[in-house]
Structures are given as C-alpha cells and as structure tokens.
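**Q** I'd like to ask some things about the structure below.
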Amino acid sequence: MSQLLRDVSLRELNTFGLPATARYLVVIDSEAALLEALAMPELAGLPRLVLGGGSNIVLTRDFDGVVLRMAIRGRERLPDDPADPHARYVRGGAGEVWHDFVDWTLSQDCPGLENLALIPGTLGAAPIQNIGAYGLELAERFFAARALDTTTGEFVTLSREVCAFGYRDSCFKREPGRFVIVSVTLRLPQPWHAVTGYADVSRALADAGVAHPDARRIFDAVVDIRRRKLPDPAVLGNAGSFFKNPVVDAETFDALRARFPEAVGYPQPDGTWKVAAGWLIDQCGWRGKSQGRAGVHERQALVLVNRGGASGDDIVALARAVQTSVRTRFGISLDPEPLMI
Numbered sequence: 001m002s003q004l005l006r007d008v009s010l011r012e013l014n015t016f017g018l019p020a021t022a023r024y025l026v027v028i029d030s031e032a033a034l035l036e037a038l039a040m041p042e043l044a045g046l047p048r049l050v051l052g053g054g055s056n057i058v059l060t061r062d063f064d065g066v067v068l069r070m071a072i073r074g075r076e077r078l079p080d081d082p083a084d085p086h087a088r089y090v091r092g093g094a095g096e097v098w099h100d101f102v103d104w105t106l107s108q109d110c111p112g113l114e115n116l117a118l119i120p121g122t123l124g125a126a127p128i129q130n131i132g133a134y135g136l137e138l139a140e141r142f143f144a145a146r147a148l149d150t151t152t153g154e155f156v157t158l159s160r161e162v163c164a165f166g167y168r169d170s171c172f173k174r175e176p177g178r179f180v181i182v183s184v185t186l187r188l189p190q191p192w193h194a195v196t197g198y199a200d201v202s203r204a205l206a207d208a209g210v211a212h213p214d215a216r217r218i219f220d221a222v223v224d225i226r227r228r229k230l231p232d233p234a235v236l237g238n239a240g241s242f243f244k245n246p247v248v249d250a251e252t253f254d255a256l257r258a259r260f261p262e263a264v265g266y267p268q269p270d271g272t273w274k275v276a277a278g279w280l281i282d283q284c285g286w287r288g289k290s291q292g293r294a295g296v297h298e299r300q301a302l303v304l305v306n307r308g309g310a311s312g313d314d315i316v317a318l319a320r321a322v323q324t325s326v327r328t329r330f331g332i333s334l335d336p337e338p339l340m341i
C-alpha cells in the first residue's frame with residue numbers, strides 16, 4: 001500500500017538544492033501504486049507534480065499539492081523483432097536513473113545512447129524534455145512510452161509520432177500533467193553507427209588517437225567531457241543547461257554574424273540556425289559572475305548554479321538578468337529549460 005507522506009522537504013529531491021516543502025508526497029514504485037495514489041481521497045482536486053530526478057525544475061515556493069515521486073524500476077532487452085531486423089529494443093521503468101540505464105544498454109550489446117551519457121535525471125523524464133547532447137536527441141531513439149492518461153484513468157501507449165517531439169519539447173510539455181509516464185521503450189538502430197560529428201567529441205577522440213571508436217569509447221569520452229565542463233550537482237547545485245539554444249531564421253543569423261563574425265551557430269535542416277546560448281551569455285560578461293547567492297558557472301556560461309543558500313527566487317532573478325542582457329545586446333530571447341514551480 002502506498003504511503004502518504006505529509007510536509008516533506010524537497011531540498012534533497014531537486015538538483016539545485018532549493019528549499020521547498022510539499023504538502024503531500026507519495027513514492028510511486030508500480031503502476032498499481034500510481035492508481036492507488038490518484039484514488040486517495042485526501043488528494044482529490046489537489047495540484048500534482050510528477051518528480052523524477054529533480055534535475056529540470058526550479059522550486060520557487062512550497063508546493064501545496066501532491067508530489068508523485070517516480071520510483072518504478074526495471075530494465076529489459078526485448079526480443080528481436082523479425083519484422084524489424086535493423087534494430088534492438090530496450091525498455092525501462094520511469095524511475096531508472098538515465099545515466100545508469102545508458103551504461104546498462106552497452107553491457108547488453110545495445111549501443112546507440114552513448115552520446116547522452118551522464119545527463120542527469122530519470123528515464124521517465126527523458127521524453128518530456130526530449131533530452132539531447134553531442135549530436136543526438138532522444139527522439140531519434142524513442143519508440144514508445146507507456147503512461148497513465150489522467151483525463152481517462154487509463155494506461156495508454158504513446159508512439160513517437162504522438163509524442164510530437166521538438167527541440168527540448170514534446171506533447172508532455174504542451175499538455176502538462178495529463179500523462180504520467182511509467183515506462184519507456186527505445187529503438188536502437190542496427191548496425192550501429194558512431195555519432196562523432198560534435199566538435200568536443202571528435203576532438204577528444206582525436207586527442208586519444210582513436211580513429212574508429214566503439215560505443216563504449218564514445219560513452220567514456222562524453223562522460224569525461226561533461227565532468228570537465230559541467231559542475232556536479234552533488235557538489236554545486238544546478239540543473240545543467242539552463243537555457244535552450246535559441247533558433248533563429250537565416251536572415252537573423254546573417255545579421256548577427258555581420259555584427260559579430262565569431263558568433264557560434266549551427267545550421268538546421270529547415271534552414272534556420274541554432275545559436276549557442278552559452279556564447280551569447282559569455283559575450284555579455286556573465287561567465288563566473290554572481291548575483292546574490294546564485295551565479296553563472298565559471299566553465300560553462302549556460303549553467304546557473306546555487307552558490308550556497310540560494311532560493312528559487314534567487315535563481316529566477318539571475319535568469320531574468322541574463323535574459324535581459326542577451327536581449328539588449330543581441331536582440332535574441334533566451335527560453336529556460338527547467339520548469340518553474
């Protein structure tokens with residue numbers, strides 16, 4: 001039977017380490033536990049917050065509702081599908097730690113996720129944000145999610161098409177609260193092909209003298225890169241990349257390059273350009289700076305950090321100051337990645 005906890009501190013349940021208290025919290029370790037929790041009379045009509053690793057939220061206040069702490073575990077390599085011989089399938093519970101799941105897939109001879117190593121959070125949260133890094137997005141490996149549709153009380157299977165993934169976007173963000181993901185199935189193409197086009201990855205492999213890397217070598221390179229560039233949330237509170245890389249049309253990017261020839265951008269298939277938000281922030285002088293108890297990381301300007309004792313309001317105030325600086329200098333708006341609660 002699910003235990004209903006009252007007045008629960010969330011400080012240890014969010015990677016920023018921000019202070020907040022939930023009126024109620026229920027640990028969800030099975031589909032039955034989820035149904036049971038949603039049927040509790042004490043929780044009727046209350047706001048719900050589904051929480052995985054807490055790596056993509058900024059808590060600005062106490063939560064006067066129920067937190068569903070997703071802890072559904074389990075991993076399995078599914079039988080090969082004769083109708084789809086060019087893929088391997090893996091499935092995991094929503095509470096699986098993402099990085100550990102990626103590591104496990106390699107041990108199962110199922111490569112294809114290695115570029116996404118060391119991204120904080122859980123498997124169940126990965127589709128919501130359509131996580132991506134070093135030349136790969138989850139959408140490229142996603143097959144389906146099993147989720148509870150809270151509008152009907154029924155479990156449904158959501159395909160890649162239904163999820164309608166975009167850059168750090170999905171149907172789960174467009175209809176917040178409707179679906180509670182309980183498991184995710186991923187399709188890993190075979191034969192495997194290395195994704196090494198991202199500059200940091202290709203440089204790390206070249207420096208190591210590796211011309212033909214296997215998936216484990218790429219995994220290790222990505223882990224090393226992330227550990228060098230990004231702060232460990234266990235040591236310095238943060239939520240990883242705080243802002244999305246803004247996408248602008250070709251005319252806007254041409255104008256930006258005319259003013260700033262060193263501007264960093266990446267062409268997109270539809271003719272738009274994705275501008276490096278970290279470069280924009282860095283050019284505004286924010287790298288390593290602090291505002292109160294919140295700050296911009298010294299090695300990666302895209303990361304906002306809790307320097308000790310910061311509140312959610314401190315983080316939000318810093319984020320707004322950064323946004324204003326970038327908009328004033330470049331005429332480009334930055335959108336935050338984390339959910340503000």
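Residue numbers 1 to 341, in UniProt numbering, belong to the letters of the sequence shown in order.
The C-beta atom is built at its ideal place from N, Cα and C for all residues, glycine as well.
Keep in mind it's a predicted model, so treat the numbers as computed, not measured.
1. State the start and end residues of the unbroken beta strand (DSSP E) segment that holds I28.
2. On the DSSP bridge assignment, give the partners of M70 in chain order.
3. Can you find the residues in the same chain that come closer than 6 Å, C-beta to C-beta, to S2, ignoring five residues on each side of it along the sequence?
4. Could you pull out every residue in the same chain whose Cβ sits closer than 7 Å to the Cβ of N56, ignoring the five residues on either side in sequence?
5. When we look at the beta-carbon of H86 and count the other beta-carbons within 10 Å, is it buried (16 or more) or exposed?
6. Quick one, which of D81, A94, A255 and S170 has its alpha-carbon nearest M70's?
7. Provide the residue span of the alpha helix (DSSP H) that contains G278, from first to last.
8. From this set, T151, I181 and D254, which residue's C-alpha is nearest G52's C-alpha?
9. Taking the Cβ atom as the reference point for each residue, do L106 and A39 lie within a distance shorter than 8 Å?
10. Reducing DSSP to helix, strand and coil, say where Q291 ends up.
11. Once DSSP output is grouped into helix, strand and coil, what is the label at R187?
12. Check each candidate in D29, Y24, W192 and L59 and name the one with the smallest Cα separation from E45.
13. From T196 to K244, what distance separates their C-alpha atoms?
14. Could you work out which residue in D314, R293, C284 and G308 is closest to L302 when comparing CA atoms only?
15. Along the alpha helix (DSSP H) that carries V316, what are the first and last residues, could you check?
16. Leaving out the 5 sequence neighbours to the left and right, which residues in its chain are closer than 6 Å to L5 when beta-carbon positions are compared?
17. Where do the N-terminal and C-terminal ends of the alpha helix (DSSP H) with T252 fall, by residue?
18. The beta strand (DSSP E) with L4 in it runs from where to where?
19. Less than 7 Å between C-beta atoms, sequence neighbours within five positions excluded: which residues of the same chain meet that for T60?
20. Would you please state the rounded distance, in angstroms, between the beta carbons of V247 and Y167? I believe it to be under 8 Å.
21. Between the segment 135-148 and the segment 69-83, are three or more C-beta pairs nearer than 8 Å?
22. Give me the Cα-Cα distance between A22 and F179, rounded to the nearest whole angstrom.
**A** Well, looking at it:
1. Against the sequence shown, residue 28 aligns to sequence position 28. I28 -> beta strand (DSSP E) spans T21 to I28.
2. As a first step, residue 70 must be located in the sequence shown, where it is residue number 70. Paired residues: I28.
3. Within the sequence shown, the letter at position 2 stands for residue 2. Excluding sequence neighbours, S2 sits near V26, A33, E36 and A37.
4. Counted from its first residue, the sequence shown places residue 56 at position 56. Around N56: G121, A125, Q129, A239, E337, P338 and L339.
5. In the sequence shown, residue 86 corresponds to position 86, counting from 1. Taking all protein chains shown into account, H86 has fewer than 16 neighbouring C-beta atoms within 10 Å of its C-beta and is therefore exposed.
6. Counted from its first residue, the sequence shown places residue 70 at position 70. M70 has its Cα closest to that of A94, out of D81, A94, A255 and S170.
7. As a working mapping, residue 278 is identified with position 278 in the sequence shown. For G278, the uninterrupted alpha helix (DSSP H) segment begins and ends at A277 to Q283.
8. By 1-based counting over the sequence shown, the position of residue 52 is 52. Selection T151, I181 and D254 evaluated against G52 yields I181 as nearest (Cα-Cα).
9. Along the sequence shown, read from residue 1 onward, the residue named residue 106 stands at position 106. Along the sequence shown, read from residue 1 onward, the residue named residue 39 stands at position 39. No.
10. To locate residue 291, count along the sequence shown from 1; it is residue 291. In the three-state DSSP reduction, Q291 falls in the strand class (E or B).
11. Taking the first residue of the sequence shown as position 1, residue 187 is located at position 187. Strand at R187.
12. Along the sequence shown, read from residue 1 onward, the residue named residue 45 stands at position 45. The sequence given here places Gly at residue 45; Glu does not occur at that position. Among D29, Y24, W192 and L59, the Cα nearest to that of G45 is on Y24.
13. The sequence position of residue 196 within the sequence shown is 196, counting from 1. The sequence position of residue 244 within the sequence shown is 244, counting from 1. In this structure, the CA atom of T196 is about 22 Å from the CA atom of K244.
14. As a first step, residue 302 is located in the sequence shown; it is residue number 302 there, counting from the start. Checked all of D314, R293, C284 and G308; the closest Cα to L302 is C284.
15. Here the question's residue 316 lines up with position 316 in the sequence shown. It spans G312 to F330 - the alpha helix (DSSP H) in which V316 sits, taken as one unbroken run.
16. Your numbering for residue 5 matches position 5 in the sequence shown. Cβ neighbours of L5 within its own chain (closer than 6 Å, five residues either side excluded): L25.
17. Your numbering for residue 252 matches position 252 in the sequence shown. Segment A250 to R259, the alpha helix (DSSP H) holding T252.
18. Along the sequence shown, read from residue 1 onward, the residue named residue 4 stands at position 4. DSSP places L4 in the uninterrupted beta strand (DSSP E) bounded by L4 to S9.
19. Residue 60 sits at position 60 when you count from the first residue of the sequence shown. Cβ within range, chain order: G312, D313, V316, M340 and I341.
20. By 1-based counting over the sequence shown, the position of residue 247 is 247. By 1-based counting over the sequence shown, the position of residue 167 is 167. V247 to Y167, Cβ: 7 Å. Contact.
21. Verdict: no, contact absent.
22. Counting from 1 along the sequence shown, the entry for residue 22 is found at position 22. Counting from 1 along the sequence shown, the entry for residue 179 is found at position 179. Separation of A22 and F179 (C-alpha to C-alpha, rounded to the nearest whole angstrom) is 21 Å.
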